[in-house]
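> One structure is given below, represented as structure tokens, and several questions about it will come after.
Next comes the structure, spelled out in structure tokens:
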């Protein structure tokens, strides 16, 4: 079930709505960039849709039973947490937990998924390294590999590119893009408009808890929207590699 | 400025002090001798309580320690009810304006020295570790209270009773077992009570002298014929758990009889005769 | 943990259990001891072996396993290596519950009142700690909350024991705060074993949930972990084990800190592997400590907590220092 449907979806914190009137539907092969300034409600939308926080309205994901949801969607939270000094391989292996029967040992399938995820993130040589001793960016890649190893039809990631160097940002986005092309659905909240424009098939822009734009990158990332929502000026052009969006100034 | 030769140099000053103190002491001694037996006696120790109650003239003893009202350790509960209790605190005892305070050698040294500084006469009686020491203690309390005649009579009675009771063999072996595996070896009153009643004390076999602990394992290995347990106090304590430990129960189960070491075992007074008599009956019955 | 390490651990446990059975003031030869234990031929020797030494050895294993596993579980849940039942006041509160049951006479009225009261005390402490330390047990709040809970439980335990009409009770404050296995009996095995066993089952069944929690609550929840159920299992499992252990042996600190700390690198830091390993390690540590107190001071009841604190407290200081260096404090 590679689909996310939110209908009349809303999340409130105390008396005020943090998100309201959210209606959207995302399907397979889509690589969705979720954009919006700080506090617009990106993380809340993702966590609410997953059922990790209470919400009103419908979400096709939060309606699933826990075990089923864990096999349907992999979630990479923004907080990069690896509590114990485990090896990279065993952290990535945690992604296989939803597929293990109770007390069951990992199967060759599980090991294949782990190996594949490690190599997708260029972590082959890191296998036996202690994850907590790696740099922040390396840890981020380990955690993304963990989400990939979960091998779910849907991948929801919260600011996956934060803290990565340019090469790894590009590799990561290529990975997400190719996962979508292979039939998965990817939703990533992001701040880098350039990466979003370049790699996503669809952008959803949140502002003050509402969707203000939803569509193909070149239709969404207009000068007006960037000025209204992000208070920036940007250089927008099209190259052989796709759209190029480069913020150049702030409008106050 | 006129210089006068000092009448008091340091040495003469010291001399004066000494003579003054000496004079005071003499006066006190004379006073005490003249005053005769003390009229207001306060006892702040369980064991002196009992001897004082046995020996004092009517009205002479004005207060006993609160422990005398504790049924677990006091053998003269009924008599003790007739006396107001004290808690052995210096200030409280001083308020009673006693002319003699009876205390034990283990009474808080702070309390004793405080009372002495306040001019109260305090007599400390030693702990009794043997049956032979009991007459000495009785006579000492008699002397302090000015009741020598009564004391001599009490001693005579005690010695006669003891001679009548004393068993000559000690063929059965007994163990004393108190909370925390505490027991009594040689040179203790409890040991002498056992021996007098015709029991050998297994703690003495194990080489214990005086009071001390003997691991339960060792006590079990000694296989006593009789286990005499400490009397349990109200409320709960882990220290007393050992008294009804399954291993001890098993030892007791070998023989029908067992005994409690109760209030009669605590103080060196004629009350120990009752403890000996009851044990001796067990001995004959067992 | 590899098979080899498990083998070493189990061999150590067996060896120490045998040593625990052979060491004691009764002066039995190993042959006498084994013969008395198995055949029950001589009365005195049999009593010593079956009623005194056997329960002591079994309790050392049970209590040690409870404390080691309880510590590993608390740490797994709070993702903090400083979370230890003794340090955060769970053992102290269990002791308070046990002392209340004893002094009110409930324990005398019903044999299970003692472990249940200790369990209730432990539940209360775990709930307070979870409420104060929050979902991710930050070190400062955890330590501060632990100090407060321990201090209060300790003070109330002392108060109850001082108010007791029993003259021995007040001197037992040190037992309840430091723990000892001296002169326990099979009764104590019977009243603690079911609770410790049940707690162990509950906690060991949560292994993969603790694994998932390595990545944080959100990630764990998204991987199918039911956080509410996990919390309930933790509270009941830890309280059941630590409560029963404390009810029979007093509060023995630092076992749950030292054991997981030493074993974590050996099991690749995976919480699910650390749980059974810590149970084994805890049993080994408490057996060693209980043999040591008998060898060091054979005639006195040296408290187990004295030894575990001498080993554990410096390690605790080291962990605090390390945590500060990592900027987590």
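Protein chains in written order, with this note's numbering: chain A, 1 to 252; chain B, 1001 to 1286; chain C, 2001 to 2329.
A virtual CB, placed ideally from N, CA and C, is assigned to each residue, including glycine.
A quick note: this is a predicted structure, and the numbers were derived from the prediction, not measured.
#1: If you draw a straight line from the alpha carbon of residue 251 (chain A) to that of residue 238 (chain A), how long is it in whole angstroms?
#2: Does the segment 1046-1062 of chain B come close enough to the segment 1148-1155 of chain B to have 3 or more Cβ pairs within less than 8 Å?
#3: Only counting the same chain, and skipping five residues up and downstream in sequence, which positions put a Cβ closer than 8 Å to that of residue 1208 (chain B)?
#4: If you follow the alpha helix (DSSP H) that residue 254 (chain A) is part of, which residue opens it and which one closes it?
#5: Compare the C-beta of residue 2067 (chain C) with all C-beta atoms of chain B and state if any pair is closer than 9 Å.
#6: Once the 5 residues before and after residue 1280 (chain B) are set aside, which same chain residues still bring their CB inside 7 Å of it?
#7: Do residue 246 (chain A) and residue 227 (chain A) have their CB atoms nearer than 9 Å?
#8: From A:243, A:155, A:15, pick the residue whose C-alpha is nearest to that of residue 2 (chain A); which is it?
#9: Looking only at its own chain, which residues have a Cβ that is under 7 Å from the Cβ of residue 1268 (chain B), when we skip the five neighbours before and after it?
#10: Could you check which residue in B:1272, B:1271, B:1224, B:1259 has the C-alpha nearest to that of residue 1251 (chain B)?
#11: If you measure beta-carbon to beta-carbon, which residues of the segment 1216-1231 of chain B are closer than 9 Å to chain C?
#12: Measuring CB atoms only, is the segment 39-48 of chain A touching the segment 2172-2182 of chain C, in the sense that at least three cross pairs come out at less than 8 Å?
#13: Could you pull out every residue in the same chain whose Cβ sits closer than 6 Å to the Cβ of residue 2313 (chain C), ignoring the five residues on either side in sequence?
#14: Counting C-beta neighbours from all protein chains within 10 Å, is the total for residue 224 (chain A) 16 or more, i.e. buried, or is it exposed?
#15: Rounded to a whole number of angstroms, what is the C-alpha to C-alpha distance between residue 1124 (chain B) and residue 1150 (chain B)?
#16: Considering Cα atoms alone, identify which of A:132, A:60, A:210, A:45 is closest to residue 2265 (chain C).
#17: What's the call for residue 75 (chain A), buried or exposed, on a 16-neighbour Cβ count within 10 Å?
#18: Buried or exposed, going by whether 16 or more other CB atoms sit within 10 Å of the CB of residue 16 (chain A)?
#19: Enumerate in chain order the residues of its own chain whose CB-to-CB distance from residue 129 (chain A) is below 8 Å, with the five nearest sequence positions on each side excluded.
#20: Does the distance from the CB of residue 2048 (chain C) to the CB of residue 1247 (chain B) come in under 9 Å?
#21: Determine, for residue 1205 (chain B), whether the minimum Cβ-Cβ distance to residues of chain C falls below 9 Å.
#22: With a threshold of 9 Å between beta carbons, is residue 2329 (chain C) in contact with chain B?
#23: Quick one: is residue 1253 (chain B) buried, meaning 16 or more other Cβ sit within 10 Å of its Cβ, or exposed?
#24: Using the C-alpha atoms, what's the distance from residue 2289 (chain C) back to residue 2185 (chain C)?
#25: Is residue 2296 (chain C) buried or exposed, if buried means 16 or more other CB atoms sit within 10 Å of its CB?
#26: Check whether chain C comes within 9 Å of residue 1260 (chain B), counting only Cβ atoms and requiring the distance to be less than that.
#27: Mind reading off the beta-carbon distance from residue 2206 (chain C) to residue 2230 (chain C)? Whole number of angstroms is fine, and I expect it under 8 Å.
#28: What residues match up with residue 189 (chain A) in a beta bridge as DSSP calls it?
#29: Select from the segment 28-56 of chain A all residues with a C-beta closer than 9 Å to any C-beta belonging to chain C, and list them in chain order.
#30: Hey, out of B:1144, B:1172, B:1160, B:1219, whose CA is closest to residue 1181 (chain B)'s CA?
#31: Measure the Cβ-Cβ separation of residue 124 (chain A) and residue 118 (chain A) and say whether it is below 9 Å.
#32: How would you list, in chain order, the residues of chain C whose beta-carbon sits under 8 Å from the beta-carbon of residue 1233 (chain B)?
#33: Which residues mark the beginning and the end of the alpha helix (DSSP H) in which residue 2316 (chain C) is found?
#34: Could you name the residues of chain C that residue 86 (chain A) contacts, counting a contact when the two beta carbons are closer than 8 Å?
#35: Could you give the distance in angstroms between the alpha-carbon of residue 80 (chain A) and the alpha-carbon of residue 2200 (chain C)?
#36: Nearest by alpha-carbon distance to residue 2270 (chain C): which of A:30, A:24, A:217, A:92 is it?
A quick look at the data gives this:
#1: The alpha-carbon of residue 251 (chain A) is positioned some 23 Å away from that of residue 238 (chain A).
#2: In this structure the segment 1046-1062 of chain B lies against the segment 1148-1155 of chain B, because at least three pairs of beta carbons, one per stretch, are closer than 8 Å.
#3: Here the set comprises 1183, 1184, 1185, 1186, 1214.
#4: Absent from the structure is residue 254 (chain A), since the part of chain A shown begins at 1 and ends at 252.
#5: Answer no: the Cβ-Cβ gap between residue 2067 (chain C) and chain B never drops below 9 Å.
#6: Excluding its 5 nearest sequence neighbours in each direction, residue 1280 (chain B) has C-beta neighbours in its own chain below 7 Å: 1165, 1167, 1197, 1198, listed in chain order.
#7: Contact annotation: residue 246 (chain A) and residue 227 (chain A) have beta-carbon atoms that are not nearer than 9 Å.
#8: Comparing Cα-Cα distances from residue 2 (chain A) to each of A:243, A:155, A:15, the minimum goes to A:155.
#9: Here the set comprises 1047, 1128, 1133, 1134, 1137, 1189.
#10: The residue with the shortest Cα to Cα distance from residue 1251 (chain B) is B:1224.
#11: Taking 9 Å as the Cβ-Cβ cut-off against chain C, the residues of the segment 1216-1231 of chain B that qualify are 1216, 1217, 1218, 1220, 1221, 1222, 1223.
#12: No, they do not touch.
#13: For residue 2313 (chain C), where only same-chain residues beyond five positions count, there are no Cβ hits under 6 Å.
#14: Exposed: under 16 other Cβ atoms inside 10 Å.
#15: Between residue 1124 (chain B) and residue 1150 (chain B), the C-alpha separation is close to 20 Å.
#16: Looking at the Cα atoms, A:132 is the closest of the given residues.
#17: So residue 75 (chain A) ends up on the buried side.
#18: The residue is exposed, with fewer than 16 neighbouring Cβ atoms inside 10 Å.
#19: Closer than 8 Å at the Cβ level, and outside the excluded window around residue 129 (chain A), lie 87, 88.
#20: Going by C-beta atoms, residue 2048 (chain C) is nearer than 9 Å to residue 1247 (chain B).
#21: It does not: the Cβ of residue 1205 (chain B) has no partner Cβ on chain C nearer than 9 Å.
#22: Only weak support is given to the placement of residue 2329 (chain C): the predicted model assigns it a pLDDT of 48, under 50, and the value that follows is read from those uncertain coordinates. No, residue 2329 (chain C) lies away from the interface with chain B (no Cβ there is under 9 Å from its Cβ).
#23: Residue 1253 (chain B) comes out exposed.
#24: CA-CA distance, residue 2185 (chain C) to residue 2289 (chain C), rounds to 19 Å.
#25: With fewer than 16 neighbouring CB atoms inside 10 Å of its own CB, residue 2296 (chain C) falls in the exposed class.
#26: The C-beta of residue 1260 (chain B) comes no closer than 9 Å to any C-beta of chain C.
#27: The C-beta distance from residue 2206 (chain C) to residue 2230 (chain C) rounds to 6 Å, short enough to meet the 8 Å contact threshold.
#28: Paired residue(s): A:34, A:158.
#29: Flagged, chain order: 47, 50, 51, 52.
#30: Among B:1144, B:1172, B:1160, B:1219, the Cα nearest to that of residue 1181 (chain B) is on B:1219.
#31: Yes, the Cβ-Cβ distance between residue 124 (chain A) and residue 118 (chain A) is below 9 Å.
#32: At a beta-carbon threshold of 8 Å, the residues of chain C lying near residue 1233 (chain B) are 2165, 2166, 2167, 2168, ordered along the chain.
#33: For residue 2316 (chain C), the enclosing alpha helix (DSSP H) has its first and last residue at 2304-2325.
#34: Simply 2214, 2268, 2269, 2270.
#35: Residue 80 (chain A) and residue 2200 (chain C) have their C-alpha atoms roughly 31 Å apart.
#36: Closest by alpha carbon: A:92.
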